[in-house]
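Working notes, beginning with the structure itself.
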Amino acid sequence: MPDIQTPDKTRDKKLPSHAKVVVIGGGVVGCSILFHLAKFGWKDVVLLERNELTSGSSWHAAGQIHTISSDPNISRLQSYTIDLYKEIEELSGHSVGLHITGGFYLASNKTWYDYLKRERSKARYMGLNQEFISPKEVAERHPLIDPSHYLAALWDDQDGDLDPSGATYAFAKAARVYGAQYFTHTPATATAQRADGSWDVRTPKGVINAEHIVNCGGLWAREVGHMQGVHLPVQPMEHHYLLTEKIDAVANHPTRLPCGIDYEANIYFRQERQGMLLGTYEPKGTPWKVAGTPWEFGHELLQPDLERIADRLELGFERIPALGQVGIKDAINGPFTFGPDGNPMIGPVPGMRNYWVAVGVMAGFCQGGGVGLSLAEWMIDGEPSIDVWAMDVARFGEFATPDWGTVKSTENYERRFVMTFPNETLPKGRVQKTTALHDRLVAKGARMDQSFGLEHALWFANGPEDAHEDPSFERNRSHEYVAREVAVVRNAVGGIEIANFAKHAFKGAGARAYLNQILAGHIPLPGRLSLTPMLTPKGRLYGDLTIACLAEDHFMLVGSGSMQEAHRRWFEASLPGNVAYSNVSDLWHGIALSGPKSRDLLARICRDDVSGLALKFRDTRHCFVGGVPVILNRISFSGELGFEIYCRPHYLLRLAQAIEDAGADLGYQWYGARALMSLRLEKGWGAWGLDYRPDFNVVESGLDGFVNWKKEFVGKSAAAEQKASGARRKLVSLVVDVDGIDVSNDEAILKNGRAIGYVCSGGYAHHAQKSMAMGYVEIAHSAPGSQLDIEILGKTYQAEVLGAPIYDPNGDKMRG
Ligand SMILES: Cc1cc2nc3c(=O)[nH]c(=O)nc-3n(C[C@H](O)[C@H](O)[C@H](O)COP(=O)(O)OP(=O)(O)OC[C@H]3O[C@@H](n4cnc5c(N)ncnc54)[C@H](O)[C@@H]3O)c2cc1C
Numbered sequence: 004m005p006d007i008q009t010p011d012k013t014r015d016k017k018l019p020s021h022a023k024v025v026v027i028g029g030g031v032v033g034c035s036i037l038f039h040l041a042k043f044g045w046k047d048v049v050l051l052e053r054n055e056l057t058s059g060s061s062w063h064a065a066g067q068i069h070t071i072s073s074d075p076n077i078s079r080l081q082s083y084t085i086d087l088y089k090e091i092e093e094l095s096g097h098s099v100g101l102h103i104t105g106g107f108y109l110a111s112n113k114t115w116y117d118y119l120k121r122e123r124s125k126a127r128y129m130g131l132n133q134e135f136i137s138p139k140e141v142a143e144r145h146p147l148i149d150p151s152h153y154l155a156a157l158w159d160d161q162d163g164d165l166d167p168s169g170a171t172y173a174f175a176k177a178a179r180v181y182g183a184q185y186f187t188h189t190p191a192t193a194t195a196q197r198a199d200g201s202w203d204v205r206t207p208k209g210v211i212n213a214e215h216i217v218n219c220g221g222l223w224a225r226e227v228g229h230m231q232g233v234h235l236p237v238q239p240m241e242h243h244y245l246l247t248e249k250i251d252a253v254a255n256h257p258t259r260l261p262c263g264i265d266y267e268a269n270i271y272f273r274q275e276r277q278g279m280l281l282g283t284y285e286p287k288g289t290p291w292k293v294a295g296t297p298w299e300f301g302h303e304l305l306q307p308d309l310e311r312i313a314d315r316l317e318l319g320f321e322r323i324p325a326l327g328q329v330g331i332k333d334a335i336n337g338p339f340t341f342g343p344d345g346n347p348m349i350g351p352v353p354g355m356r357n358y359w360v361a362v363g364v365m366a367g368f369c370q371g372g373g374v375g376l377s378l379a380e381w382m383i384d385g386e387p388s389i390d391v392w393a394m395d396v397a398r399f400g401e402f403a404t405p406d407w408g409t410v411k412s413t414e415n416y417e418r419r420f421v422m423t424f425p426n427e428t429l430p431k432g433r434v435q436k437t438t439a440l441h442d443r444l445v446a447k448g449a450r451m452d453q454s455f456g457l458e459h460a461l462w463f464a465n466g467p468e469d470a471h472e473d474p475s476f477e478r479n480r481s482h483e484y485v486a487r488e489v490a491v492v493r494n495a496v497g498g499i500e501i502a503n504f505a506k507h508a509f510k511g512a513g514a515r516a517y518l519n520q521i522l523a524g525h526i527p528l529p530g531r532l533s534l535t536p537m538l539t540p541k542g543r544l545y546g547d548l549t550i551a552c553l554a555e556d557h558f559m560l561v562g563s564g565s566m567q568e569a570h571r572r573w574f575e576a577s578l579p580g581n582v583a584y585s586n587v588s589d590l591w592h593g594i595a596l597s598g599p600k601s602r603d604l605l606a607r608i609c610r611d612d613v614s615g616l617a618l619k620f621r622d623t624r625h626c627f628v629g630g631v632p633v634i635l636n637r638i639s640f641s642g643e644l645g646f647e648i649y650c651r652p653h654y655l656l657r658l659a660q661a662i663e664d665a666g667a668d669l670g671y672q673w674y675g676a677r678a679l680m681s682l683r684l685e686k687g688w689g690a691w692g693l694d695y696r697p698d699f700n701v702v703e704s705g706l707d708g709f710v711n712w713k714k715e716f717v718g719k720s721a722a723a724e725q726k727a728s729g730a731r732r733k734l735v736s737l738v739v740d741v742d743g744i745d746v747s748n749d750e751a752i753l754k755n756g757r758a759i760g761y762v763c764s765g766g767y768a769h770h771a772q773k774s775m776a777m778g779y780v781e782i783a784h785s786a787p788g789s790q791l792d793i794e795i796l797g798k799t800y801q802a803e804v805l806g807a808p809i810y811d812p813n814g815d816k817m818r819g
């Protein structure tokens, strides 16, 4: 077990009365943030620790470090974190006990082998050094492992282990080299905001006023949040690892043994002194202190319960037999904090000013450096240098209550080494938020999923009993049902629920001017709609929005449902006094009709003239449909003639009934999100969060066609520079020559074996009957007709870059 460090001599130092930033919590995350802020030039930064540094989960971590993560940018940041340890060791003079041994990810069955092939493909374009090795090579590198259990292993040079306590202290002391200060035995007992937006942080040593505060409370993140009414959906979980007695084969091995993860056995392992360390995530997780972490909890461990992990240990002993042949020297059970999807929650809390969090970091030694880097960039530069959406606290909203957080965090703990397939829906914490259509659609056979807490239909089976699927990397039984929905939209008329789109309302005399400034595109005249990108000051995409001008001083923006809190935070940060803004996503539900017969259907239930002359493409209006008041937008994401009908939630059932009744003889059917994604692929339209996100700019994404270059707007000078210097990569659509499998995302795009880009989204285009992908490729390979390869599950498939949408390239059907 790692040593606890000697108490810091600075504990009795006088607390300053003011600082630019106060970081609350001296675990690895808080110390990394302190380090990065000071390194990047904010010297006047102070960290408060209620006890000694590392007094939460940081001191008893297993200290294993690796780069693999479900999110490519988190992988990149994990790689950055590992590289950083040498720097902070040298700077601080404090050993981090780093051993870069390299590590294995062991595949004991085809599914895990496929998973690792996907990871390898990702690593190719990220430039990470990962390669497959055979079971024989596994045994050569780690003679304790029984190779007969494995098909192969993915090897990563960068993996290893460190001393968690040493690493935390090294961050803190390196921060001090850059001028930061930290104070131990200085608990923050209360936080209060002044009228100027600054914060008073109360401690037993006095009050310190700061422009910004950062909650890095780790095991106490919830309690620190409660001081300000911030309810973070994180949950500490109990976790075990074992340390064995000396193993001769370890002691006599000439070099330190590599570390590893065996997913199927659900174990991780590494060398610890002359023995081994073995940890596991048991199938039934044990949340710790659901009601709150006691302030008295210090450098303590929990009572081990080996019964709970007995099955996993047995598997571990089977695969690394030497572990079962020696005694257990120590069994560690310690709590650490998980978030609902397993990723950290960082950034400014929406609805608050100068209140930042970096919490729920469940792999602090793999991720702490990257979290510190990204948060410091965000605070100092206004935005992180890479897209950290997968870690943004704003991906959770009001729906993410503490109870929901406990349920989902527990699920995530249990699934830490359990496969989640790209088409898999997770079962826990469901039906948290529903619309009036939920039961009706389920009764019709909807297979549902959850997005930003809200249930929505993925695809429709033949009734509820039929609404099941086996998650897989390949196409599954939903494929034929989705084909049926696509056919309905292309040939007749389909309806999809659109409650899960975000809606933002802007009212007031200054609304037009404000939107003109914050959005890069044209702001429509009353009664009209337009599409517009939204950019950060550095010219990165921060939104892809539809804007409806309902009146000269009243606009409704429609955008990504999952980004709604992030967008609220963005708007509120710059809102002038003469604009009233609100996130009205939950106040407007609705249904989008699409298909050649959608106008016929609409005409039957709307008294207004909805002919092409009276309701033109990109018109918007208040009217009545199905006898209820609505906002009617003539627009569609399917590439067909289409209408979005937004109504208040209490009218939704009535509207749905009217549509079903009027559409029966027109072939009306409901369709789900998978069909919509297939339809938009045929049009070559990117989707927010996949093809459009802050990693990309307006020029390379092709959204520059929607920019109004004649006006001033946020991000204009950066975007103009990007335009002038030309894109180095470009978003393209590709047709992929596959054999029953489609891309999902993150696959490498290759030219002569070299990764020249990667897939952002894709799947099967059912109407065109082609497998398609969208991805960013080097500009030299972006020309229509370019012949490329895409690596799917380790096999390469030919792909051709398209020059125009494969369906209705001129948009005649949509405009018709
Ligand atoms: C058994 C076990 C094994 C693990 N193995 C690994 C591993 O192999 N690799 C890996 O990367 N991660 C591992 N982890 C996870 C890792 O320990 C955590 O991700 C990491 O410690 C989180 O750090 P933190 O700074 O967010 O939180 P914490 O370490 O909990 O730190 C929070 C700090 O804030 C202080 N604090 C709280 N409230 C206040 C207040 N009001 N005022 C002042 N100070 C306050 C606390 O005293 C504490 O020191 C493991 C964890 C456990 C329990």
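Note that the numbering used here has the sequence shown beginning at 4, numbered continuously upward.
C-beta atoms are modelled at their ideal positions from N, C-alpha and C, and glycine is treated no differently.
All figures in this text were calculated on a predicted structure; none of them were measured in a lab.
Unbroken alpha helix (DSSP H) run spanning Asn415, endpoints: Residues Pro405 to Glu417.
Buried versus exposed call for Trp712 [16 or more other C-beta atoms within 10 Å across all chains shown]: With fewer than 16 Cβ atoms within 10 Å of its Cβ, Trp712 is classed as exposed.
Residue-level contact to chain B via CB, Leu40, 9 Å cutoff: The structure shown has no chain B; it contains just one protein chain.
C-alpha distance - Glu643 paired with Leu682, whole-angstrom precision: Between Glu643 and Leu682, the C-alpha separation is close to 9 Å.
Counted within 10 angstroms of its Cβ, other Cβ atoms place Asn426 as buried (16 or more) or exposed: Asn426 is buried by the Cβ-count criterion.
Range of the contiguous alpha helix (DSSP H) that encloses Cys369: Segment Gly367 to Asp384, the alpha helix (DSSP H) holding Cys369.
Spatial distance of Gln133 from Thr283 (CA atoms): Straight-line Cα distance between these residues: approximately 24 Å.
Ligand 1 heavy atom lying under 8 Å from the CB of Phe339: For ligand 1, a non-hydrogen atom lies closer than 8 Å to the CB of Phe339.
Among Ser95, Arg322 and Gly327, nearest to Lys249 - alpha-carbon criterion: Closest option to Lys249, Cα to Cα, is Gly327.
Tyr767 (DSSP reduced to helix, strand or coil): Judged by DSSP in its simplified three-state form, Tyr767 adopts strand.
Cβ contact (3+ pairs, closer than 8 Å) linking the segment 26-41 and the segment 303-311: No contact exists between the segment 26-41 and the segment 303-311.
Own chain residues within Cβ distance below 7 Å of Ser565, not counting five before or after: Taken in chain order, the residues that qualify are Arg398, Ser454, Phe455 and Gly692.
Boundaries (first-last residue) of the alpha helix (DSSP H) holding Arg225: Residues Ala224 to His229.
Endpoints, the alpha helix (DSSP H) within which Asn519 is located: DSSP places Asn519 in the uninterrupted alpha helix (DSSP H) bounded by Ala514 to Ile521.
Where Ala541 sits in the DSSP three-state scheme: Note that residue 541 is Lys in the sequence shown here, rather than Ala. Coil.
Three-state secondary structure (DSSP) of Asp612: Three-state DSSP puts Asp612 in coil, outside helix and strand.
Same chain, Cβ closer than 7 Å to Asp153, neighbours up to 5 away in sequence not counted: Looking at the sequence provided, one finds Tyr at residue 153 rather than Asp. Here the set comprises Leu109, Ala110, Ser111, Pro138 and Val141.
Bounding residues of the alpha helix (DSSP H) (the contiguous stretch that carries Pro75): Run containing Pro75: Pro75 to Ser95, per the alpha helix (DSSP H) assignment.
Neighbourhood of Ser78 by C-beta, 8 Å cutoff - its chain only, sequence neighbours within 5 removed: Here the set comprises Thr70, Ile71, Ser72, Lys125, Ala126, Met129 and Leu131.
DSSP three-state assignment for Met355, whether helix, strand or coil: Met355: coil per DSSP, three-state reduction.
Neighbourhood of Thr206 by C-beta distance below 7 Å, restricted to the same chain and skipping five residues each side: Closer than 7 Å at the Cβ level, and outside the excluded window around Thr206, lie Leu18, Leu51, Thr189, Pro190, Ala191 and Thr192.
Nearest to Glu321 (by Cα), restricted to the options Glu299, Gly169 and Ser151: Looking at the Cα atoms, Ser151 is the closest of the given residues.
Beta carbon of Gly408 nearer than 9 Å to that of Val32: Cβ atoms of Gly408 and Val32: not closer than 9 Å.
Proximity test, Tyr271 beta-carbon vs ligand 1 heavy atom, cut-off 8 Å: The answer is yes for Tyr271.
Secondary structure of Lys686, DSSP reduced to three states: Under the three-state reduction of DSSP, Lys686 is assigned to helix.
Any non-hydrogen atom of ligand 1 within 8 Å of Met355 CB: Because no heavy atom of ligand 1 lies under 8 Å away, the Cβ of Met355 does not count as near it: no.
Inter-residue Cα distance where the pair is Tyr545 and Ser82: If you draw a straight line from the Cα of Tyr545 to the Cα of Ser82, it is about 25 Å long.
Reduced DSSP category for Gly692 - H, G, I as helix; E, B as strand; rest coil: The answer is coil: DSSP assigns Gly692 none of H, G, I, E or B.
Those residues which DSSP pairs with Ile793 across a bridge: Partner(s): Ile752 and Tyr800.
Pairwise C-alpha distance: Trp688 and Gly788: The straight-line gap from Cα to Cα measures roughly 19 Å.
Heavy atom of ligand 1 within 8 Å of Phe368 beta-carbon: True, at least one ligand heavy atom lies under 8 Å from that Cβ.
Distance cut-off 8 Å: Leu245 Cβ against heavy atoms of ligand 1: No, Cβ of Leu245 sits at least 8 Å from all heavy atoms of ligand 1.
For Gln672, the three-state DSSP class (helix, strand or coil): Secondary structure at Gln672: strand, using DSSP grouped into helix, strand and coil.
Contact set for Gly513: own chain, Cβ-Cβ below 7 Å, skip 5 residues either direction: Cβ neighbours of Gly513 beyond the five flanking positions: Pro579, Asn581 and Val582.
Beta-carbon proximity list for Lys120, same chain, < 7 Å, skipping 5 on both sides: Only Leu796 and Gly797 meet the Cβ criterion.
Ligand 1 heavy atom lying under 8 Å from the CB of Thr114: For ligand 1, not one heavy atom lies less than 8 Å from the Cβ of Thr114.
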